[in-house]
Amino acid sequence: MDHICKFIEEYLESKASKVEVIFDEDIWMLKQSTFAIDQDVRVGEADYIGELLVSSAVKISFCPFCGKRLQLLS
Numbered sequence: 501m502d503h504i505c506k507f508i509e510e511y512l513e514s515k516a517s518k519v520e521v522i523f524d525e526d527i528w529m530l531k532q533s534t535f536a537i538d539q540d541v542r543v544g545e546a547d548y549i550g551e552l553l554v555s556s557a558v559k560i561s562f563c564p565f566c567g568k569r570l571q572l573l574s
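In my numbering, the protein residues as written are 501 to 574.
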């Protein structure tokens with residue numbers, strides 16, 4: 501089960517990232533992955549465009565984009 505939030509798309513418009521708010525193993529998680537763009541390759545921070553630069557996951561209770569409280573399944 502995922503939380504569908506229209507504000508995630510607005511956040512991602514100017515970023516080379518993938519963001520998900522998902523329910524996984526009885527907890528809600530915010531997962532974000534950031535990928536290299538041409539500027540990252542030019543300055544030597546990545547070897548190629550699209551290379552995974554950062555991946556993170558954090559437990560959440562509220563959607564960080566719209567503020568909705570995320571309910572646990574019972």
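Every residue, glycine too, gets a C-beta built ideally from N, C-alpha and C.
Remember, it's a predicted structure, so these values are computed and weren't measured experimentally.
Check whether the Cβ atoms of residue i and residue j sit closer than 8 Å, and answer yes or no.
| i | j | result |
| --- | --- | --- |
| Trp528 | Ser556 | no |
| Glu510 | Phe535 | no |
| Val521 | Asp502 | yes |
Which residues share a DSSP beta bridge with residue i?
| i | result |
| --- | --- |
| Lys531 | Glu520, Ala557 |
| Arg569 | Phe562 |
| Leu552 | Phe535 |
Over what stretch of residues does the alpha helix (DSSP H) that includes residue i continue unbroken?
| i | result |
| --- | --- |
| Asp502 | Here Asp502 belongs to no alpha helix (DSSP H), and DSSP marks it neither H nor E. |
| Asp538 | 538 to 542 |
Any heavy atom of the ligand GTP closer than 7 Å to the Cβ of residue i?
| i | result |
| --- | --- |
| Lys518 | No copy of the ligand GTP occurs in the structure displayed, which carries no ligand at all. |
Identify whether residue i lies in helix, strand or coil by the three-state DSSP scheme.
| i | result |
| --- | --- |
| Glu510 | helix |
Does the beta carbon of residue i come closer than 8 Å to any beta carbon on chain D?
| i | result |
| --- | --- |
| Asp526 | Structure shown: chain D not included; a single protein chain is present. |
Taking all protein chains shown into account, do 16 or more other C-beta atoms lie within 10 angstroms of the C-beta of residue i, making it buried, or fewer, making it exposed?
| i | result |
| --- | --- |
| Ile504 | exposed |
| Ile508 | buried |
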